[in-house]
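Enquirer: Numbering that gives the first Met the number 0 numbers the first residue of the sequence shown as 0 and each following residue consecutively. Don't be surprised by glycine CBs; every beta carbon is placed ideally from N, CA and C. This one's a predicted model, so the numbers in the text were calculated from it and none came from an experiment.
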Amino acid sequence: MSPTPIPISLFAETQQQLLRQEHEAEVSSSTLASTAASVSAATRRTLQATGYALTGLVLSQCRTGLGGRVVGEFGADAAVSAKNADGESGKGGEPRLGAHGIRVGDVVRVNEVGSSTKKVGKEKGMEKGAKGPEGVVTRVGERSVWVAFGQRGGGGRSKEDDEAIEELWGKKLWVIKLANDVTYRRMNQTMEKMAKMSESDHTHFMRVAFGHTTPLQPDYDAIGAVEFNDPTLNDSQKAAIRFALASRDIALIHGPPGTGKTHTLIELILQMVQRKLRVLVCGPSNISVDNIVERLAPKKVPVVRIGHPARLLPSVLEHSLEVLTHTSDAASIVRDVRKEIEQKQASIRKTRFGREKRAIYEDLKALRREFRERESKCVDNLVRESNVVLATLHGAGGHQLKNQKFDVVVIDEASQALEAQCWISLLSASKVVLAGDHLQLPPTVKSAVQKSKDAATQAKTEKGDAVNDNDKGVLGKVSLETTMFDRLLSMHGEGIKRMLTTQYRMHETIMRFPSDELYESKLMAGEAVKARLLKDLPYEVEETDDTKEPLVFWDTQGGDFPEKTEDNEVGQKEALLGESKSNEMEAMIVAKHVENLVQTGLKPEDIAVITPYNGQLAILSQMLRERYPGIELGSVDGFQGREKEAVIVSLVRSNSEHEVGFLGEKRRLNVAMTRPKRHLCVCGDSETISKGSGFLKRWMAFLEENADLRYPDAGELL
Numbered sequence: 000m001s002p003t004p005i006p007i008s009l010f011a012e013t014q015q016q017l018l019r020q021e022h023e024a025e026v027s028s029s030t031l032a033s034t035a036a037s038v039s040a041a042t043r044r045t046l047q048a049t050g051y052a053l054t055g056l057v058l059s060q061c062r063t064g065l066g067g068r069v070v071g072e073f074g075a076d077a078a079v080s081a082k083n084a085d086g087e088s089g090k091g092g093e094p095r096l097g098a099h100g101i102r103v104g105d106v107v108r109v110n111e112v113g114s115s116t117k118k119v120g121k122e123k124g125m126e127k128g129a130k131g132p133e134g135v136v137t138r139v140g141e142r143s144v145w146v147a148f149g150q151r152g153g154g155g156r157s158k159e160d161d162e163a164i165e166e167l168w169g170k171k172l173w174v175i176k177l178a179n180d181v182t183y184r185r186m187n188q189t190m191e192k193m194a195k196m197s198e199s200d201h202t203h204f205m206r207v208a209f210g211h212t213t214p215l216q217p218d219y220d221a222i223g224a225v226e227f228n229d230p231t232l233n234d235s236q237k238a239a240i241r242f243a244l245a246s247r248d249i250a251l252i253h254g255p256p257g258t259g260k261t262h263t264l265i266e267l268i269l270q271m272v273q274r275k276l277r278v279l280v281c282g283p284s285n286i287s288v289d290n291i292v293e294r295l296a297p298k299k300v301p302v303v304r305i306g307h308p309a310r311l312l313p314s315v316l317e318h319s320l321e322v323l324t325h326t327s328d329a330a331s332i333v334r335d336v337r338k339e340i341e342q343k344q345a346s347i348r349k350t351r352f353g354r355e356k357r358a359i360y361e362d363l364k365a366l367r368r369e370f371r372e373r374e375s376k377c378v379d380n381l382v383r384e385s386n387v388v389l390a391t392l393h394g395a396g397g398h399q400l401k402n403q404k405f406d407v408v409v410i411d412e413a414s415q416a417l418e419a420q421c422w423i424s425l426l427s428a429s430k431v432v433l434a435g436d437h438l439q440l441p442p443t444v445k446s447a448v449q450k451s452k453d454a455a456t457q458a459k460t461e462k463g464d465a466v467n468d469n470d471k472g473v474l475g476k477v478s479l480e481t482t483m484f485d486r487l488l489s490m491h492g493e494g495i496k497r498m499l500t501t502q503y504r505m506h507e508t509i510m511r512f513p514s515d516e517l518y519e520s521k522l523m524a525g526e527a528v529k530a531r532l533l534k535d536l537p538y539e540v541e542e543t544d545d546t547k548e549p550l551v552f553w554d555t556q557g558g559d560f561p562e563k564t565e566d567n568e569v570g571q572k573e574a575l576l577g578e579s580k581s582n583e584m585e586a587m588i589v590a591k592h593v594e595n596l597v598q599t600g601l602k603p604e605d606i607a608v609i610t611p612y613n614g615q616l617a618i619l620s621q622m623l624r625e626r627y628p629g630i631e632l633g634s635v636d637g638f639q640g641r642e643k644e645a646v647i648v649s650l651v652r653s654n655s656e657h658e659v660g661f662l663g664e665k666r667r668l669n670v671a672m673t674r675p676k677r678h679l680c681v682c683g684d685s686e687t688i689s690k691g692s693g694f695l696k697r698w699m700a701f702l703e704e705n706a707d708l709r710y711p712d713a714g715e716l717l
């Protein structure tokens, strides 16, 4: 039966409505950040704990980055930095940054600690009440973060930016995350373009994507026998690669946790290049893209990475436009201007007189303009000559890729990207490969659940069109959380998908429940991982009840470990933690379990403690952060795509009403239970949790049957 077609322009207009609501929600959630005038130290710490800020910084270096922008390096202020376990500040006495949630691609404002906002509010290019320059985080390291200024609007820089950055030297600073309107603007522009397309503009792929035609049959004859470059590939990986090569319009590669999805994509990209195809590779985050660059780099394929690499790995850096514009043959046309800019910047700090400074700022402005013109020629040559171009999904909408044609677009982590984000790179695509796992968490959507029927009606009403029931029905399931991967799978069925079935991460016991419940019992544990335990680590770990158990369940049933809702005394804290739950007694069990593991010789950096609730994360941070600086503490959602030798999950919920809140989302729990390699410890109240859903009831029964079951004594913890 052929799928019900979706009207393409109405889909695009509906997405615009939903994106507008989402952007408003994001802006309002960062209102605290953008309106706070003089923020107390306690609030700054709360902002950092909840991922909105990074405190205790100083400006340590400035250089000229891509597009002639100033890139500032902000290091930890030695006076306030977090100490490591030895009481030292790290190698060579360099202070480290504390734990924080600032990521590459975040839009941030750099504020002076305790500064007033009066004089800055009227300056050009800054929001009213702003206290410092705004930019985009381009790299995050253990000891520094790098911010490129003048990027927020995607346009040029202003004289005021230069002066504002210059004034940061020698000051105590902190950065705060702002709503990112660049990504939203690109998604919105893409949906606008799609809405205006006439039927004759629709590509075959677009017609497939919206159900106006069915996918073409894969052509295995055309690809012939496939000689694999990588001898270690398993059968399910080889089958997925053959299928993606033979497919003529769309192929989905379903990679459950630990099944080597990126490994498979590398071979696929190499096979495509060998067939003289030009490939654009995208992902929703810098990390997802850099991962691929890092693995492709040794294969000697000419690749160009658009945007700023998240890591300082030479293998990634040497393929980034940032470095290629320094080092390639084409780079000589920009080198001398860059040098002149840097000399001018250095001379500012030696100049005392305002008039001289003004003249230097004017010169800088002209030099930057010339730099950008020369650089764009250089960039154009570099991109045109490359077989494989890599960018984040929104980076694919940048000027560097205008008018570039590709034979195939590959999107990794496609199930973590908004559909509108995917279309930035797909409007002219003829063949698309999406890789991901739709049974893990979709992208985070902040806007209140808004029925897309309403958005569709609103979109049509604004155009003065009537909405028929058929359109309402077809678009009724469109929401920002429905990813393209999900939608294509439900529209065209399993025929367009191949699943990877051997996982190389988890002990067999840890794997079994998610495999049976979510992956049709198809997952198999690779020989090397199926029986490995903490006691078998390559360094010395004592054999104890903990290190020889792959699965431990601390069951807090009985009501002695009640949750509480954060009693937000501080108004700003309330805005951040919302109605977040915490469970102090359960956190004590977690802390005790961590202590027991560390005493066996397990390194704290091989342990992660994760929880679905920010309120609980704050309590766990207080208990564990200083004692074990190497341990990783985070939210379940933030730990997606990661792994550790040992993972402890604090479920928090314990109440007489048996309410489980968003623990009922099985994809969130799937993420939580598939992060560990050798040891998973779950802490929670089976009585409360098992009443949440059939899935939760079966999980509790599985843990009772298969885990090392333990009942904590509240009296011993106090």
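Distance check for Val681 and Ser649, CA to CA, integer angstroms please.
Expert: Stepping through the sequence shown from its first residue, residue 649 is reached at position 650. Stepping through the sequence shown from its first residue, residue 681 is reached at position 682. Cα to Cα, Ser649 sits roughly 6 Å from Val681.
Enquirer: Under 8 Å by Cβ, that's how I've got Leu426 and Lys192 pegged, so tell me the actual separation to the nearest angstrom.
Expert: The residue given as residue 426 occupies position 427 in the sequence shown. The residue given as residue 192 occupies position 193 in the sequence shown. Contact flag correct, Cβ pair sits at about 6 Å.
Enquirer: Count the other C-beta atoms from every protein chain shown that fall within 10 angstroms of the C-beta of Phe405, then say buried if there are 16 or more, exposed otherwise.
Expert: One-based indexing of the sequence shown puts residue 405 at position 406. Phe405 counts as buried, since at least 16 other C-beta atoms from the protein chains shown sit within 10 angstroms of its C-beta.
Enquirer: Can you give me the C-alpha to C-alpha distance between Glu631 and Leu522, rounded to a whole angstrom?
Expert: Sequence index remark: in the sequence shown, residue 631 carries index 632 (1-based). Sequence index remark: in the sequence shown, residue 522 carries index 523 (1-based). Rounded to the nearest angstrom, the two C-alpha atoms are 27 Å apart.
Enquirer: Under the three-state reduction of DSSP, which class applies to Gly683: helix, strand or coil?
Expert: Against the sequence shown, residue 683 aligns to sequence position 684. Of the three classes helix, strand and coil, the one that applies to Gly683 here is strand, per DSSP.
Enquirer: Put Glu72 into one of helix, strand or coil per three-state DSSP.
Expert: Taking the first residue of the sequence shown as 1, we reach residue 72 at position 73. DSSP places Glu72 in strand when its eight states are reduced to three.
Enquirer: So, for Ile175: in the same chain, excluding its five sequence neighbours on each side, which residues have a beta-carbon less than 7 Å away from its beta-carbon?
Expert: Numbered from its first residue, the sequence shown carries residue 175 at position 176. Contacts found: Ala32, Leu46, Tyr51, Ala52, Val107, Arg108, Asn110.
Enquirer: According to DSSP, what are the bridge partners of Cys759?
Expert: Only positions 0 to 717 of the chain appear in this structure, which leaves residue 759 out of reach.
Enquirer: List in chain order: all unbroken beta strand (DSSP E) runs of 3+ residues lying wholly within the stretch 350 to 399.
Expert: 387 to 391
Enquirer: Could you round the C-beta distance between Phe638 and Val670 to whole angstroms and report it? I think they count as a contact, below 8 Å.
Expert: Residue mapping note: residue 638 aligns to position 639 of the sequence shown, counting from 1. Residue mapping note: residue 670 aligns to position 671 of the sequence shown, counting from 1. Indeed, because the Cβ distance is near 7 Å, the residues count as touching under 8 Å.
Enquirer: Going by DSSP, what residue range makes up the beta strand (DSSP E) through His201?
Expert: Translated into the one-based positions of the sequence shown, residue 201 becomes position 202. No beta strand (DSSP E) holds His201; DSSP gives it neither H nor E.
Enquirer: Let's see if you can read the secondary structure: which residues bound the alpha helix (DSSP H) around Phe484?
Expert: Mapped onto the sequence shown, residue 484 falls at position 485. 483 to 491 is the extent of the alpha helix (DSSP H) around Phe484.
Enquirer: Measure the CB-CB distance between Val512 and Arg709 and report whether it falls below 8 Å.
Expert: Start at 1 with the first residue of the sequence shown, and residue 512 comes out as number 513. Start at 1 with the first residue of the sequence shown, and residue 709 comes out as number 710. One point to set straight first is that residue 512 is Phe, not Val, in the sequence displayed. Taking 8 Å as the Cβ cut-off, Phe512 and Arg709 do not qualify as a contacting pair.
Enquirer: Check whether the Cβ atoms of Val651 and Pro675 sit closer than 8 Å, and answer yes or no.
Expert: Counted from its first residue, the sequence shown places residue 651 at position 652. Counted from its first residue, the sequence shown places residue 675 at position 676. Result no, Cβ atoms of Val651 and Pro675 do not sit closer than 8 Å.
Enquirer: Once DSSP output is grouped into helix, strand and coil, what is the label at Ile101?
Expert: As a working note, residue 101 is residue 102 in the sequence shown. Residue state, collapsed to three classes: coil.
Enquirer: Once you ignore the five residues that flank Thr263 on each side, which residues in its own chain have a CB closer than 8 Å to its CB?
Expert: Translated into positions along the sequence shown, residue 263 becomes position 264. So the qualifying residues of the chain are Leu232, Gln236, Ala239, Ile240, Ile252, Gly254, Ala434, Leu499.
Enquirer: Look at the Cβ atom of Asp485, then the Cβ atom of Gly282, and state whether they are nearer than 8 Å.
Expert: Within the sequence shown, numbered from 1, the residue matching residue 485 stands at position 486. Within the sequence shown, numbered from 1, the residue matching residue 282 stands at position 283. Cβ distance not < 8 Å, so Asp485 and Gly282 don't count as in contact.
Enquirer: Say whether the stretch 557 to 566 touches the stretch 590 to 604, bearing in mind that this needs 3 or more beta-carbon pairs closer than 8 Å, one atom from each stretch.
Expert: no
Enquirer: Please check the pair Arg504 and Glu372, which I expect to be a contact at CB under 8 Å, by giving their CB distance rounded to whole angstroms.
Expert: Counting from 1 along the sequence shown, the entry for residue 504 is found at position 505. Counting from 1 along the sequence shown, the entry for residue 372 is found at position 373. No, Arg504 and Glu372 are not in contact; Cβ-Cβ is about 48 Å, not under 8 Å.
Enquirer: On the DSSP bridge assignment, give the partners of Phe148 in chain order.
Expert: Along the sequence shown, read from residue 1 onward, the residue named residue 148 stands at position 149. Phe148 pairs with Gly134.
Enquirer: Could you tell me the alpha carbon to alpha carbon distance between Met584 and Thr49, rounded to whole angstroms?
Expert: Within the sequence shown, residue 584 is the residue found at index 585, counting from 1. Within the sequence shown, residue 49 is the residue found at index 50, counting from 1. Answer to the nearest angstrom: the Cα atoms are 21 Å apart.
Enquirer: Rounded to whole angstroms, what is the Cα-Cα separation between Ala586 and Gly633?
Expert: For the purposes of this step, residue 586 is identified with residue 587 of the sequence shown, where counting begins at 1. For the purposes of this step, residue 633 is identified with residue 634 of the sequence shown, where counting begins at 1. Ala586 and Gly633: Cα-Cα distance of roughly 13 Å.
Enquirer: Quick test of your reading: Leu400 and Ala390, contact by CB under 8 Å. State the CB separation rounded to the nearest angstrom.
Expert: As a position in the sequence shown, residue 400 is number 401, starting the count at 1. As a position in the sequence shown, residue 390 is number 391, starting the count at 1. So it is a contact: roughly 7 Å between Cβ atoms.
Enquirer: Cβ of Leu650 less than 8 Å from any chain C Cβ?
Expert: This model lacks chain C altogether; it includes just one protein chain.
Enquirer: Does the beta-carbon distance from Ser319 to Arg304 come in below 8 Å?
Expert: In the sequence shown, counting from the first residue as 1, residue 319 sits at position 320. In the sequence shown, counting from the first residue as 1, residue 304 sits at position 305. Yes, the Cβ-Cβ distance between Ser319 and Arg304 is below 8 Å.
Enquirer: Just the C-alpha distance for Cys61 and Glu141, rounded to the nearest angstrom, thanks.
Expert: By one-based count along the sequence shown, residue 61 stands at place 62. By one-based count along the sequence shown, residue 141 stands at place 142. Their backbone Cα atoms lie some 18 Å apart in a straight line.
Enquirer: Taking just the CA atoms, how far does Leu167 sit from Val146?
Expert: Your numbering for residue 146 matches position 147 in the sequence shown. Your numbering for residue 167 matches position 168 in the sequence shown. For Val146 and Leu167, the distance between alpha carbons rounds to 13 Å.
Enquirer: Going by DSSP, what residue range makes up the alpha helix (DSSP H) through Val417?
Expert: On the sequence shown, position 418 is the one that residue 417 refers to. The sequence given here places Leu at residue 417; Val does not occur at that position. Leu417 -> no alpha helix (DSSP H), and no H or E assigned at all.
Enquirer: Measuring CA to CA, which of Lys696, Leu536, Gln420 is closest to Glu758?
Expert: No information on residue 758 is available, as it lies outside the stretch 0 to 717 that the chain covers here.
Enquirer: Straight-line CA distance for Val569 to Met672?
Expert: Here residue 569 corresponds to residue number 570 of the sequence shown, with the count starting at 1. Here residue 672 corresponds to residue number 673 of the sequence shown, with the count starting at 1. At Val569, the pLDDT of 42 sits below 50, so the modelled position is not reliable and the matter cannot be decided from this model.
Enquirer: Less than 8 Å between the CB atoms is what I'm expecting for Ser653 and Gly614, so what's the real figure, rounded?
Expert: For this step, residue 653 is matched to residue 654 along the sequence shown. For this step, residue 614 is matched to residue 615 along the sequence shown. That pair is no contact at about 14 Å.
Enquirer: Any idea if Gly394 is buried or exposed, counting beta-carbon neighbours within 10 angstroms, 16 or more meaning buried?
Expert: Within the sequence shown, numbered from 1, the residue matching residue 394 stands at position 395. With 16 or more Cβ atoms within 10 Å of its Cβ, Gly394 is classed as buried.
Enquirer: Mapping the DSSP letters down to three states, classify Val139 as helix, strand or coil.
Expert: Walking along the sequence shown from the start, residue 139 turns up at place 140. In this structure, Val139 counts as strand in the three-state DSSP scheme.
Enquirer: In angstroms with no decimal places, state the Cα-to-Cα distance between Glu562 and Gln502.
Expert: Locating residue 562 in the sequence shown gives position 563, where the first residue counts as 1. Locating residue 502 in the sequence shown gives position 503, where the first residue counts as 1. Each residue's alpha carbon lies about 35 Å from the other.
Enquirer: Quick one: residues in its chain with C-beta nearer than 6 Å to the C-beta of Ser446, no 5 flanking neighbours on either side, listed in chain order?
Expert: Stepping through the sequence shown from its first residue, residue 446 is reached at position 447. Gln20, Glu21, Ala24, listed in sequence order.
Enquirer: Between the Cα of Pro4 and the Cα atoms of Tyr538, Met205, Asp636, Lys298, which residue gives the shortest distance?
Expert: Indexing the sequence shown from 1 puts residue 4 at position 5. If we check each option's Cα against that of Pro4, Met205 comes out closest.
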